[in-house]
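*Asks:* -7 is the number of the first residue of the sequence shown in my numbering; add one for each residue after it.
This is the structure I want to talk about, given as structure tokens.
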Amino acid sequence: MSAPILPDMHTGVDLETRFKAAANISEQQNWGARWLAYLTYTDPEQALAFARKATGEDHHPLLLSSWKTRGFLANLRHQQKEAIYAYQEALQLAEQEGAQDKQADILLEWSAVYVNAGQINDAERMIEQAARLIRVFPRPRQSFHLLIRQASLKLRQGHLHQAFPLFRQAERMHTVLQGQWQWDDLDYLTLLYSGLGEWYTESGERQLARDAYFRVIRICENFQLKSRLAWYYLHAGAASMALERWEDARQMFLQAIDQRESGQKEALAGAWANLGFVYLQLEEPAKAKDALDRAADLYQDLGPDKKNLAVVATWRARLARLTGQADQVMSQFVLASEYAREIHDNAQLSLICKEIARHFADQKDFKNAYEYLLLHDEIGEKAREELQQTNLMELQVKYETEQKEQEAETLRGQAVELRLKAMRAQMNPHFLFNALNGIQNFIHQEDGDKASRYLAKFAGLVRQSLNLSNTELITLEDEVAFIQDYLFINQKLRFDGRLHFEVRVDDEIDEDRVMIPPMMVQPFVENAIEHGFTKRQSGTIVITFDLLDNDVIRCAIQDDGIGREEAIRIQAVNPMRSQHQSLGIGITRERLDLLNRSGFNGHRLEIIDLKDDQGHALGTRVELYFPSRRKGI
């Protein structure tokens, strides 16, 4: 793969200068966000210092970007609480802006916090929320990010067969992004190849794993990406160790240690520990001791991290054997055993017993060697039973996860099918015939202006109906425009001005930002027309959109027609008359139910029969309720 081409390779100084010289808040946010992104990936310490200062000011132009940066860097340092707090602040600001693209970015990054903490269900929930937002406004960059997060989650869940195709699909997308790369895209590119490296490691493809990790390092070095570099050097070193390429491993671990200012203590501790093991293999005991001592100190500070402290103590015991310090061998093995027991790690404890047995055998103490071999077998059997139980539980989780995914995919398929049905239901044959017949009359009357104007309206309505069948959400502004055009054509071409209508939108509603499912309102408008003008000379339809206190949009369609009871009586005489209307309303009911089952709760429908004091029909009122969702900037 060729190196990505960044369209905007401004230096940090240039970006900072443009940010400070910006003429307005929009320019400040644009240049400032790019400058902060540059710092986040190339100079994390400076980025963190700036972000901390910015988040201390209530109205800083880079408040959202700064909270996002703080969350990203806190997660890299495994500071879970700080990361979650920062992402919560960033998400709240993005929601206030109505910026769905920014919300999706934040949710995807936030999911990594839960992955690192082993909270897989929370990570999955975050990624699915982001996916819903991205499906509404798909953009190549965000789709690329989403694929990588989904693949990484599958990898962590142990779904190797599902992770690999997602990684490959993301890899193919780089050609789409050529010339459009931004700094966070490059970071995701490193996650892509690091994820492939992990996949190859899990699959036993050691050379391919090493190649993938070294590709990551080349990308980081080419673009001076430093935020994750310590971890990538560590992974590349471990991949080289697996191939017994000790010199390559040594170089990688030393490079990781050179990134000590990144503040990523876990990576630094791992680099020192593995470097100590490499020096053991190279029989350089003094360097091995120094490296293992440094690793032990760091792991003590990290909790302490008893699992890795047990490994370090085991390697220290090997070092003592290498240097002939017999008294130190058993003391380190005992220490390693204590750490393993404290965390109930029978697998590690079994390996320690095997190492101790080998030590006693070297000392010709075959009695103790035999006893520790028995312990190795006994504890190893417990470890195997635990592993089997864990594997069974993981298989159950995998099965349940795949079932949920299949259900979600089925729901998405049903949603698409229902949107297509709704589109077809909108094209009522009576409406089509009357509209075209009306246009034809103007042509026969040689009224070309009206024929042209109404034909354009009609064509636009049909085109919009087709377009709506391929999207999950549209702006309220577009829905209102569609309904107004639909009513206008009915008014002019079918009812010769006898239809009166009014469409009102609450001033509190931002029409061009609020999103609702498409083609929900029209079937009830059509129904109101049919009921309103059956056996009548004229009628009125009023459609209102109101914002309720619980952030719900209520759409009310009210007619002054004959009412449902009389409509049912007429339908009994001529059942074909209302078949089409019933189909459209039935589809809408199904779509509302499907939206609620898909996690977007709060959609509902109410139909109210309007009557006077004597019980005579005054018309019908239909109320549709939609949870308010906002369009990204």
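Positions of the beta carbon are idealized from the N, C-alpha and C atoms, including for glycine.
If contact is defined by three or more beta carbon pairs under 8 Å, each pair taking one atom from either stretch, is the stretch 37 to 54 in contact with the stretch 90 to 107?
*Replies:* With a cut-off of 8 Å, the stretch 37 to 54 and the stretch 90 to 107 do not count as touching, because too few Cβ pairs lie within range.
*Asks:* Nearest-angstrom Cα distance between I98 and V513?
*Replies:* Looking at the two C-alpha atoms, the distance is approximately 33 Å.
*Asks:* Give the DSSP bridge partners of D655, in chain order.
*Replies:* The shown model of the chain, from -7 to 625, leaves out residue 655, and the question about it has no answer.
*Asks:* Kindly indicate which three-state DSSP category E494 falls into: helix, strand or coil?
*Replies:* Strand at E494.
*Asks:* Would you call the stretch 492 to 504 in contact with the stretch 600 to 616, where contact means no fewer than 3 C-beta pairs closer than 8 Å?
*Replies:* Contact fails: fewer than three Cβ-Cβ distances are below 8 Å.
*Asks:* Can you list, in chain order, the residues of its chain with a C-beta nearer than 6 Å to that of I466? Leave out the 5 residues immediately preceding and following it.
*Replies:* If we look at I466 and ignore the five residues flanking it on each side, its Cβ neighbours are P510.
*Asks:* Per DSSP, what kind of secondary structure is K603 in: helix, strand or coil?
*Replies:* Here K603 sits in strand by DSSP.
*Asks:* My assumption, with CB atoms under 8 Å, is that W535 sits in contact with I521. Please give the rounded CB distance.
*Replies:* Trp is not the amino acid found at residue 535; the sequence shown has Ile there. In fact, because the Cβ distance is near 12 Å, the residues do not count as touching under 8 Å.
*Asks:* Can you tell me whether DSSP reads D477 as helix, strand or coil?
*Replies:* Helix at D477.
*Asks:* Would DSSP call E598 helix, strand or coil?
*Replies:* Three-state DSSP puts E598 in a strand.
*Asks:* Identify, in the order they occur along the chain, each residue of the same chain with its Cβ nearer than 6 Å to the Cβ of L65, setting aside the five sequence neighbours on each side.
*Replies:* Taken in chain order, the residues that qualify are P36, L40.
*Asks:* For F358, count neighbouring Cβ atoms within 10 angstroms of its own Cβ and tell me buried if that reaches 16, exposed if not.
*Replies:* Flag for F358 reads exposed.
*Asks:* Skipping 5 residues on each side, what residues in its chain have a beta carbon closer than 8 Å to that of Q571?
*Replies:* Note that Q571 scores a pLDDT of 47, beneath 50, so its modelled location is shaky and nothing firm can be said.
*Asks:* As a quick exercise: from V454, S232, I501, pick the residue whose alpha carbon is nearest that of I481.
*Replies:* Ranking the options by Cα distance to I481, first place goes to V454.
*Asks:* In terms of alpha-carbon separation, which member of V270, L246, Y271 lies closest to A259?
*Replies:* Answer by Cα proximity: L246.
*Asks:* Ignoring anything shorter than 4 residues or poking outside the stretch 47 to 89, list the alpha helix (DSSP H) runs there in chain order.
*Replies:* Segments of the alpha helix (DSSP H) lying fully in the stretch 47 to 89: 55 to 68, 72 to 89.
*Asks:* In terms of alpha-carbon separation, which member of A96, P619, D470 lies closest to D538?
*Replies:* When only C-alpha atoms are compared, the closest one is P619.
*Asks:* Take V472 and list the residues in its own chain whose beta-carbon comes closer than 8 Å to its own, dropping the five residues that flank it on each side.
*Replies:* Correct list, in chain order: V495, V497, E503, F537.
*Asks:* If I'm right that L267 touches R242 with Cβ under 8 Å, what's the distance once you round it to whole angstroms?
*Replies:* Rounded, the Cβ-Cβ distance is 7 Å, consistent with contact.
*Asks:* If I measure Cβ to Cβ from I344 and keep anything under 8 Å in the same chain, skipping five residues before and after, which residues do I get?
*Replies:* These residues qualify, in order along the chain: A302, T306, F325, A328, S329, A332.
*Asks:* Return helix, strand or coil for F450, following the three-state DSSP convention.
*Replies:* Reduced to three states, the DSSP call for F450 is helix.
*Asks:* Quick check: what's the CA-CA separation for A443 versus D551?
*Replies:* Spanning the two alpha carbons is a distance of roughly 29 Å.
*Asks:* What's the gap between the Cα of I211 and the Cα of T182?
*Replies:* About 7 Å.
*Asks:* Using the rule of at least 16 other Cβ atoms within 10 Å of the residue's Cβ for burial, across every protein chain shown, is D179 buried or exposed?
*Replies:* When all chains shown are included, D179 counts as buried.
*Asks:* Starting from P157, follow the alpha helix (DSSP H) in both directions and report where the run begins and ends.
*Replies:* Per DSSP, P157 belongs to the alpha helix (DSSP H) from 152 to 164.
*Asks:* Would a C-beta distance cut-off of 7 Å place L284 and V304 closer than the cut-off?
*Replies:* Yes.
*Asks:* What residue range is occupied by the uninterrupted alpha helix (DSSP H) comprising R202?
*Replies:* Start and end: 198 to 215.
*Asks:* Is the CB-CB distance between V506 and I549 below 7 Å?
*Replies:* Not a contact, by the Cβ cut-off of 7 Å.
*Asks:* Tell me the start and end of each unbroken alpha helix (DSSP H) in the stretch 7 to 39 that is at least 4 residues and wholly inside, in chain order.
*Replies:* The qualifying runs are 17 to 34.
*Asks:* Here's the rule: buried if 16 or more other CB atoms are within 10 angstroms of the residue's CB, otherwise exposed. What is H336?
*Replies:* Exposed.
*Asks:* If the criterion is Cβ atoms closer than 7 Å, does the pair L100 and A75 meet it?
*Replies:* No; because the gap between Cβ atoms is not below 7 Å, this pair is not in contact.
*Asks:* Give the DSSP bridge partners of G531, in chain order.
*Replies:* DSSP output for G531 lists L491 as bridge partner(s).
*Asks:* Can you give the Cα-Cα distance for I625 and D297, rounded to whole angstroms?
*Replies:* Here the model assigns I625 a pLDDT of 39, short of 50, so the residue's position is not dependable, and the following value carries that caveat. Going by the C-alpha atoms only, they are around 44 Å apart.
*Asks:* In three-state terms, what does DSSP make of L610?
*Replies:* Correct three-state label for L610: strand.
*Asks:* For F352, which three-state DSSP category applies?
*Replies:* Helix.
*Asks:* Could you please give me the residues that DSSP links to E615 through a beta bridge?
*Replies:* A548, E598.
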